[in-house]
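Have a look at the structure below, then the notes.
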Amino acid sequence: MLGGRPRISAGTGIYKARDFPQGFEWLNVDRPLSLHELKGHVVVLDFWTYCCINCMHTLPTLEWLEKKYSGQPVVFIGVHSAKFSNEQVAANIREAIGRYEISHPVVADRDMEIWRSYSVTAWPTIVIIDPKGNVVYQQAGEGRRDELDDVISVLLEQHRKAGTLAQEPVRIERPAHKKKSTLSYPGKLAFSPDQKTLAISDSNHNRVLLVDPETGKVKGRIGSGERGLQDGGFAEARFFRPQGLAWAGNEKLYVADTENHALREIDLASQTVKTLAGDGRQGQWVPGANDARATRLSSPWDLAYDAASGFLFIAMAGLHQIWAYHAGSGRIGPFAGSGYENIVDGSLADAQFAQPSGLSLYGTFLLVADSEVSAVRLIDLSSSKKGGQQVYTLVGAGLFEFGHRDGPVEQARLQHPLGVHCAGNKVYVADTYNHAIRLIDLAEQKVSTLVGKADMKTMCRLDDPSCDTLGLYEPSDVKQKGNVLYIADTNNHLVRTFDLEKMVLRTLPVQE
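To convert, take the position in the sequence shown, counting from 1, and add 24; that gives our numbering.
Listed below in structure tokens is the structure:
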């Protein structure tokens, strides 16, 4: 997670694995597990934290391995060693397990005790324990699926011959899944230019919904609901946890198909979906613009379309950069950010971002929710100023500088924001891990909390009987229409509205 190009480190030799501490909370499993119980099994530990894009990239590898070794004495365990304070709450980890459809047990690593006992230094790290309880492999960074596969295969073969392999895999029961709702972890929102249609990325239903913003009635469904990268008509097209959306006119909608590592285009006139860039496989750093059809992406998270220039800006979270796609030329590539993960201002080439996850275009300014540094950044797209286009920081200070603090912009703190919307001097932020909507007032150079736990009185008027008192739960996006903010209330599986005049929070009844 620390660095645009993850470093891979090998283990330092065989040593005895330390068992899990007692009293820790276990999730996605019916009971706490112990290495004593798992004797005779190959145990794969995944040290992760759910904010981390590199950890997200590791999950498909684990899923593939779990399916391959299903029914064999191989056990996968996630060790959730939190970075952010919000990630230390077991209920929030449970939601992340649901969002990423993790099937293996997860232990909440309180105070990173397990992390330290295995001398882990980076997210993610994979540790493999042999059936006799020895650590035989340790790898930091994402990737290396084939290498992990080889290690597991060799261990199974060796210990089967030695008679030290369990005859049958241990039985692990997992809790039942929640009932389906209309929305499942909605990620991003976008209004059509005429503001008559609200597009919602219904991420875990693998589809995009078109909704009447006044009534919540669903006017259109794009995507079959099945995982996949498939073009075609609305009913047969497939997405994989899509996020960002951007309209180009009232008949064309771009989609950041995040876990397909792809850019898609929805044509409302022809009722079809096509892929503009990406082939379903994660891409790596590239030096410049290339033919979009031959370019792989890495976790595109949000989009912003500039009608004047025809450029579509892409928050390329997996590469810590802002990319740009031009429909006219069909080319795509890095626009801002060196690819190293940090908070560094300056020229487009030298600036550094950290998992950018939200975009908003206003005039000649592109606002960026830069999640891993808990920041909001600004890119001045005008080249008329001295030094040309530049990147600035509005709020935020570093990879481990976060919190919930209002006040002057230089002192204010956010916690892993994923969404941003600019309306002149008002910048609204979906401050995700603070479960809040924050306001950056550029004229006053101050940050305040509009909706959130810092000041419950701003959430609802206590004398309003229609007030919806349900708080936000890791909101991922915010957009403005008139005097109303529309909020993707991700972990509540809802879209919410907040009246800026009446200061009332309500739920938009999205119904099919």
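Backbone N, C-alpha and C fix where the C-beta goes; we use that ideal spot for every residue, glycine too.
Check, Outcome
"Proximal residues to GLY420 (C-beta, below 7 Å), its chain only, five neighbours per side dropped", "ILE367, ASP394, VAL397, SER398, ALA399, VAL400 and LEU438"
"Buried versus exposed call for GLY506 [16 or more other C-beta atoms within 10 Å across all chains shown]", "exposed"
"Cα-Cα separation, ALA164 to GLU137", "18 Å"
"Three-state secondary structure (DSSP) of HIS517", "coil"
"C-alpha gap between ALA360 and LYS212, whole angstroms", "22 Å"
"Buried or exposed (CB count within 10 angstroms, at least 16 for buried), PHE424", "exposed"
"Length of the line joining the Cα atoms of THR73 and ASP255", "33 Å"
"Cβ distance (whole Å) where GLY240 is taken to contact VAL534 below 8 Å", "5 Å"
"Coil, strand or helix - MET340 by DSSP", "strand"
"8 Å Cβ shell around SER105 - same chain, five flanking residues per side excluded", "PHE71, TRP72, THR73, ASP133, MET136, ILE138, TRP139, VAL144 and TRP147"
"Helix, strand or coil at LEU26 [DSSP, three-state]", "Here the model assigns LEU26 a pLDDT of 40, short of 50, so the residue's position is not dependable and the matter cannot be decided."
"With 16 other Cβ atoms within 10 Å as the buried cut-off, status of ALA280", "buried"
"Cβ neighbours of ILE38 in the same chain (closer than 7 Å, five flanking residues each side left out)", "ASN158, VAL159 and VAL160"
"Beta-carbon proximity list for ASP479, same chain, < 6 Å, skipping 5 on both sides", "Reliability fails at ASP479, whose pLDDT of 43 lies under 50, so the model's placement of it is uncertain and the value that follows must be treated cautiously. Result list for ASP479: THR473, in chain order."
"PRO499 classed as buried or exposed, judged by whether at least 16 other C-beta atoms fall within 10 angstroms", "buried"
"Counterpart residues of TYR329 in DSSP-defined beta bridges", "LEU336"
"Cβ-based burial, SER384 [other Cβ within 10 Å; buried from 16]", "buried"
"Where TRP88 falls, given that 16 or more other Cβ within 10 Å makes a residue buried", "exposed"
"The segment 242-255 touching the segment 223-230, judged by at least three CB pairs closer than 8 Å", "yes"
"Whole-angstrom distance between GLN46 and LEU494, CA atom to CA atom", "35 Å"
"Three-state class that DSSP yields for CYS79 in the structure shown", "helix"
"Rounded separation between THR482 and LYS107 - CA only", "Because the pLDDT at THR482 is just 42, under 50, the model does not fix this residue reliably, and the point stays unresolved."
"Contact between the segment 176-194 and the segment 58-69 (3+ Cβ pairs under 8 Å)", "yes"
"DSSP three-state assignment for ASP523, whether helix, strand or coil", "strand"
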